[in-house]
C-alpha cells in the first residue's frame, strides 16, 4: 500500500510538470488550431538558458531564494521572446495557408531547434550552442526529504512539493488571466472565431503573439522544474517531453485548459505505474499507447466537445 | 493483352539495364554501397509520397514500417538461409530465399500499415501525424525489449544478399506502381481527398478505404526498403529507425514536391548524395575527420530549416505536383505517347 501511495505522489509530481507544458499546446491550439510541434523544443531552449544563468550566478547565489526566482524569470523571458519570434517569422506568414503547411513548418522548426543545439559552437571562447553531450543541471534546489512516513516507506522530496506549488501557482495565474482580464477575454474571442474577433476590433495578431509568449514562458518554467528533478539536460529532451505533454493535451481534449491539466496528471500517474510495476524500458511507449487508446475510443478527449465538419 | 505488354514494358527495359549495370559495377564496391543507400532512400521517399503527397495525409512514422520490414525480413532470412532449394544452384537459391524474406517483410509492414491506418485515418491531419509518430516509437521500444530481435544491440548475422540489381529493381517497381496509381481511378480519388476531403466524400469517394489502401501500399514498400537495408547492413539496430529517419524521408518528399514522384526521386538522390559528397570533400581538404563529422551534425538542423524555408517561399516543393515529363525539354520527349496525366 505504501508503495502504491509513493507511486501516486511521484506520478502527480511529474504530472504537474507535463501539465505546464501541455497548457502551452492547448492554448496555442485554442487560438490558432495549430499543433505547435516546436513547443517542447522551446522548453528545451529555456532549460539551457536557465542552466547558463544559474552557472553564471555561481553555486551560492543560485541556491538562494532570489537566485532561484531569477533563474526562472530569465528562462521564462527568454522563452517568451523565442516564442514571439517563431510565431512572427514562421507561423504568421502561413496563417491563411492550408493547415498542412503550418504543420510541416512546426515540425521543421522543432527539428531545427533541437538539432542545432546538438552542434557544439563556440564564438570567442563563449559557448553559443551546447552540443549533444548531456549536462548536469546546477542544483538550484538542494534535494532534501520533506516528509518521511514510516521506515522510509513513503518519501516526499522537497522539490516535488516545490514543483507542485510552482505549477499550481502558474496554473492559477493562467486561469485568472484567461477568465478575468481583458487579454483573456480577447484570447477566448480569438479562439472562438478569429475572423469575427478581428471585425470586433480585437487585435488578433497581438493576441496570438501574446498567447505564444505566455505558453512558451510556462514551458520554460516547466522545463526548469523537470531539469531539477531529472538533473540531466540534453538537446533532445524537448522532443520527448513535448510529445508527452501533447499527448496529455489531447487526452484532456485539446483546446480545453483544465482538460490539459487532468490529462497530464493522468499521464504522469499511468507512466509512473508502468515504470513502478512493469519495466522502465517501456516508459516512452506508454504515452503513445495511451494516446492511441484514447483516440480510438474518444477522439475528442475527455473534456473536448465533438465538432462536426461543415463545408 | 496490349495493356499487359505495356505494363511490363518498364521492366522489360529495366531488367537488362540493371543486370548490365550490376555486371559493370562488380568491381566498384564503394559505388555499389552508395547506390544501395540511395536506392533504399528513393524507395522510402516514393512510397511515402503516395500517402503524404498524393493523399494529403501526413505520416511521420515511415521509419517504423521500414523497421517492421527490416526485422521480419531479417529474422525470416536468418531462418531460411539454413536451408537451400536443392534443385537450384546455390547462388540462385539464395536469391530466391532472399526474395521470399523481402516479400514476407513487406507484407508484415503492410499488415501494420493496415492496423495503424484503419483506426487512425478517421482522424484529421495533425492527429494522424502524431499517431504515426507514436507508432514508430512504439515499434522501436517493442524491438528494444524483445529477445528475438536482439534487444537494443540489434539483430546481427543477417545474410548479405542485397545486390545492385535487386535493390534497384524494387526502386523501379515502386516508381512504376506510384505512377500507375496516380493515373488510375485510385489516383484521382486520392488526389480528390487531398484537395478537399468533404467534397470528395460528397462525390462518393470512400475516403477511409482509399486512405487505408494508400497507407498499406506505402508501408509495403517501406517494408521492402527495410528488408533491402537489412540484407546489406547485415545488422539491424533499433537506432537506425528513429524519428530522425522518418524526418529524413519527410524532408525528401516535401522538398521534391508533395505529389510528384519524380520530384521525390530527385530529392532523395540529391539529399543522400550531398552529405556524402561534402564529407569526402572536407576529408580531402582538411585531411582529418573533424570537419567531415560536422557535416553529419549540421545535416539535421539544415533539414529542419529547409522545411521551414520551403513552406514559407515555395510550399508546393520543388516540382509541385508536376512530374519531370510535364516540363520543358522532357515534355516533347514524352508527348508522343498517350495523353498526359
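Residue numbers (my numbering), protein chains in the order written: chain A, 471 to 781; chain B, 2 to 342.
Just so you know, even glycine gets a beta-carbon here, dropped at the ideal spot from N, CA and C.
What you are looking at is a predicted structure, and each value in this text was computed from that prediction instead of being measured.
Which residue comes first and which comes last in the alpha helix (DSSP H) that contains residue i?
i, result
"residue 619(A)", "No alpha helix (DSSP H) contains residue 619(A), which is instead part of the beta strand (DSSP E) from 615-619."
"residue 159(B)", "Unbroken run through residue 159(B): none, as it is neither H nor E."
"residue 513(A)", "509-533"
"residue 272(B)", "262-287"
"residue 658(A)", "652-662"
"residue 250(B)", "244-257"
"residue 570(A)", "569-586"
"residue 233(B)", "208-234"
"residue 683(A)", "674-700"
"residue 165(B)", "165-184"
"residue 739(A)", "727-747"
"residue 84(B)", "Here residue 84(B) belongs to no alpha helix (DSSP H), and DSSP marks it neither H nor E."
"residue 754(A)", "753-767"
"residue 149(B)", "Here residue 149(B) belongs to no alpha helix (DSSP H), and DSSP marks it neither H nor E."
"residue 488(A)", "472-502"
"residue 34(B)", "30-50"
"residue 56(B)", "Residue 56(B) -> no alpha helix (DSSP H), and no H or E assigned at all."
"residue 200(B)", "198-203"
"residue 711(A)", "707-722"
Starting from residue i and walking both ways along the beta strand (DSSP E), at which residues does that stretch end?
i, result
"residue 627(A)", "624-627"
"residue 782(A)", "Any property of residue 782(A) remains undetermined from this structure, which presents chain A solely from 471 to 781."
"residue 597(A)", "596-599"
By the 10 Å Cβ neighbour count, where 16 or more other Cβ atoms means buried, how is residue i classified, buried or exposed?
i, result
"residue 127(B)", "buried"
"residue 31(B)", "exposed"
"residue 149(B)", "exposed"
"residue 89(B)", "exposed"
"residue 762(A)", "buried"
"residue 549(A)", "buried"
"residue 546(A)", "buried"
"residue 652(A)", "exposed"
"residue 612(A)", "exposed"
"residue 724(A)", "buried"
"residue 6(B)", "exposed"
"residue 116(B)", "exposed"
"residue 340(B)", "Confidence at residue 340(B) is low in this model, with a pLDDT of 44, below 50, so the placement of that residue is unreliable and no value is reported for it."
"residue 756(A)", "buried"
"residue 682(A)", "buried"
"residue 222(B)", "buried"
At the level of alpha carbons, what is the spacing between residue i and residue j?
i, j, result
"residue 554(A)", "residue 574(A)", "19 Å"
"residue 660(A)", "residue 677(A)", "8 Å"
"residue 772(A)", "residue 478(A)", "21 Å"
"residue 247(B)", "residue 130(B)", "11 Å"
"residue 691(A)", "residue 742(A)", "22 Å"
"residue 254(B)", "residue 702(A)", "35 Å"
"residue 474(A)", "residue 696(A)", "22 Å"
"residue 568(A)", "residue 319(B)", "18 Å"
"residue 202(B)", "residue 315(B)", "29 Å"
"residue 205(B)", "residue 738(A)", "44 Å"
"residue 154(B)", "residue 517(A)", "31 Å"
"residue 585(A)", "residue 97(B)", "42 Å"
"residue 99(B)", "residue 83(B)", "12 Å"
"residue 112(B)", "residue 191(B)", "20 Å"
"residue 658(A)", "residue 686(A)", "18 Å"
"residue 672(A)", "residue 620(A)", "57 Å"
"residue 544(A)", "residue 183(B)", "53 Å"
"residue 635(A)", "residue 305(B)", "36 Å"
"residue 531(A)", "residue 633(A)", "20 Å"
"residue 794(A)", "residue 645(A)", "No statement about residue 794(A) is possible, as the shown extent of chain A runs from 471 to 781 and does not include it."
"residue 337(B)", "residue 138(B)", "Summary for residue 337(B): the model assigns pLDDT 49, below 50, so the residue's position carries little reliability; its value from the coordinates is reported in the next sentence. Between residue 337(B) and residue 138(B), the C-alpha separation is close to 48 Å."
State the CB to CB distance for the pair residue i and residue j, rounded to an integer number of angstroms; the pair is presumed to be in contact (CB under 8 Å).
i, j, result
"residue 268(B)", "residue 257(B)", "3 Å"
"residue 65(B)", "residue 136(B)", "5 Å"
Flag this pair as yes or no: are the beta carbons of residue i and residue j separated by less than 7 Å?
i, j, result
"residue 490(A)", "residue 688(A)", "yes"
"residue 55(B)", "residue 226(B)", "no"
"residue 566(A)", "residue 679(A)", "no"
"residue 179(B)", "residue 51(B)", "yes"
"residue 44(B)", "residue 172(B)", "yes"
"residue 209(B)", "residue 198(B)", "no"
"residue 216(B)", "residue 114(B)", "yes"
"residue 631(A)", "residue 615(A)", "no"
"residue 510(A)", "residue 759(A)", "no"
"residue 850(A)", "residue 719(A)", "In the structure displayed, chain A extends from 471 to 781; residue 850(A) sits before or after that span and is not available."
"residue 230(B)", "residue 71(B)", "yes"
"residue 266(B)", "residue 175(B)", "no"
"residue 608(A)", "residue 704(A)", "no"
"residue 177(B)", "residue 11(B)", "yes"
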